[in-house]
Structure formats: C-alpha cells, structure tokens
Amino acid sequence: MTTHEALMALASSNARAAADVLRVFAPGELAETEFEAALIEREAIDALPLPAVVASVSYVNGAQGGNLFVMPLTAARRLAGAMIGGEAIDVEPQGDELSELELSAVGEAMNQMMAAAANATGEVLGELVELASPDVAIAQARGDIKATFQGATRMTVAVMTLFGEACRLIQLVPTVFTMRMTQALVSGAGPDGAAGAGPAAAALRESLRDVPLRVWAELGRARLRSVEVAALGDGAIVDLDRAADDPVDIFVNGSRIATGRLICVDETDWAVRLEEVFQAAEPPTTPEGGR
C-alpha cells in the first residue's frame, strides 16, 4: 500500500462513518455508492459550489488537522425537513438562507457526522481524537469557509450524494498529523495497550515509512527595515536574535519539533545533535514555519 492509498483508505473510512449518521436522519436518501476519495489541492476549496452549509472542525488533542463538510442548501433544507417533520419534503429554492430552526437541525446532524469521522480516524490511530467545537454556518463566498488548519499539506475529499445533491467531506492533513499517525501505527497499540488496527494498521504503517519530509535547522532570525535590506552587500554582517551558544531549532515540514546544538563532523560537515525532542510538534505560525 502506497502513501496515497493509505490516505485514501483513511478518507473513505471517515466518509463511511459520516454516511452512517446521515442514513439515520434521512433513511433511503443517501445514494448507495462506494465513497471514492481523492487527493486535492488547497485551491480546490475555491471551486466548491456555493452557497452551501459548511461545518468546520479541528482536532485539539495534538492530532492536528480537521475536517470540513459541505452540503448544498437544497439538500440541507430537505435534511432539516426530515429531522424536524419526520420526512424529507421536496423544496423549491428559497434564496441563500436557512431558517434558524433549519440551520440548527442541520448543524446537529453535521456535528454528529464530524464526531463519527473523528472516531473513525481514532480507530486507525489507536487513540482518542478529540474535537474542538464545530463551526456550522452558511457560506456565500470562499471567504466564509473556515479552512485555516495550520500546516495542512494534503487534502482529501470524499463525495456522497444526498437527496440527489453532491455533499463533500474534506479532510485537511498536516504533515505533523501524518507523523503522529506513523508513530501510533508503529507502536501498534492504543492507550489501553491493545493491539492497533491489525492488517490495516500494518499496511498503513509500512506505506507511511516512506513519506518524504523536509528537515532543517534554524540558527536565528533578524528583523530589518526594507532600506536596510536594500543596502546589504557582500561581506555584510546581520545580527541574529540568538547567541553563539544558544540551541538551534529543528523544523520538519514547517513544524518545530526539537532543539539541538550545531556540531562539526569530520572537520568538514555540519550536523545537529538533538537535545530536546518535543512530545508534540509545534505548528507553524508563519509561512516559513517560524515561532
């Protein structure tokens, strides 16, 4: 199993868990098809059909990342009708808004779907995945979609058809999340000491071993005015915010994971000796992965 296949398997598992919740609220209205997941670019969010009801939730216990669920307004109105009145009545387009009662009903369904998807992720990780409070709102434009999960380097999408409308479950997967998933699968056990997900976990573990990561050390930083930068030339000296004997920061794909010391190897090459590896990686706060 490749890394791509592993991510797709996780996305499909989340989609099946979310779909089971939808079937409870709208029996017989979800198309009985296999949920095919795909890797997408972050820019694909710009192309989502709007307006739509969007639920956004992030993980809070160190398993960084999160999910989005996007449901067209027509499907949302019919789902609300099924939940409030017991049947999914046909509705005509009624503008770009839902009533407070409709939005509340759809929000409850989406909350349960997100919880089910997180549980599916937790089963793969072999640990409990806790969620922040979901944000459910109507998105009229791209700027209304809250998809600001830090460090997300991969996105997957699984499409499911509800009331004839395409709904999308999008998972944002930072590299740090991939690292944590690898560590959990390598350990082969959850918090209760029980074995992990068996053959599936073994296949995921094997595929994730080869995920390429960028690693670098940062000596220090400086803040200069534009005029000072323009005046820099060969031989110029820039004072950094670190002393010569201060530890350096170690980054993996933009996330700070450790501190260490520069050492010289064979009097020709530079390396870093790790002094402190953090229990949980620190997500980037700037595009360059700084503090």
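With this note's numbering applied, the sequence shown covers 4 to 294.
Every residue, glycine too, gets a C-beta built ideally from N, C-alpha and C.
Are the Cβ atoms of residue i and residue j separated by less than 7 angstroms?
i    : j    : result
V24  : M116 : yes
L13  : A22  : no
A142 : L53  : yes
V160 : R171 : yes
P137 : N114 : yes
R217 : N256 : yes
A55  : M74  : yes
F28  : A112 : yes
R157 : V176 : yes
L222 : V251 : yes
V109 : A78  : no
A119 : A20  : yes
I253 : F281 : no
Check whether the Cβ of residue i lies closer than 6 angstroms to any heavy atom of the ligand NAD, and answer yes or no.
i   : result
L53 : Ligands displayed in this structure: none; no statement on the ligand NAD is therefore possible.
Along the chain, where does the beta strand (DSSP E) that runs through residue i open and close?
i    : result
L71  : 69-75
A220 : 218-221
V57  : 55-61
Identify every residue that forms a DSSP beta bridge with residue i.
i    : result
E285 : R259
L51  : DSSP, once it has assigned bridges, lists no residue as partnering L51.
V24  : V24 pairs with nothing; no bridge assigned.
A108 : Note: A108 sits in no beta bridge, so no partner.
V280 : A261
Q174 : N70, T159
L101 : In the DSSP output, where bridge partners are listed per residue, L101 has none listed.
V275 : L265
L33  : L165
Taking residue i as the reference, which of the options has the closest Cα?
i    : options                : result
N70  : V57, E278, R81, T77    : V57
A220 : L106, A274, A78        : A274
D249 : V241, V109, T262, C267 : T262
L265 : S258, G84, R276        : R276
L104 : A135, A140, E285       : A140
S15  : S229, A234, T124, R259 : T124
A11  : V127, E278, L106       : The question names Ala, but residue 11 is Met in the sequence shown. Nearest C-alpha to M11: V127.
L134 : E46, K149, G68         : G68
R226 : D244, G236, L235       : D244
S258 : L235, E285, V232       : E285
E44  : R228, T164, I173, F72  : I173
E46  : I148, A246, E279       : I148
N17  : T271, F72, D269        : F72
R26  : T271, T164, A233       : T164
Output the residue ranges of the alpha helix (DSSP H) runs that lie fully inside the segment 130-170 and measure 4 residues or longer, sorted by chain position.
-> Runs of the alpha helix (DSSP H) lying entirely within the segment 130-170 and spanning at least 4 residues: none are present.
Can you list the beta strand (DSSP E) stretches of 3 or more residues lying completely in the segment 227-268, in chain order?
-> Fully enclosed beta strand (DSSP E) runs of 3 or longer: 251-255, 258-268.
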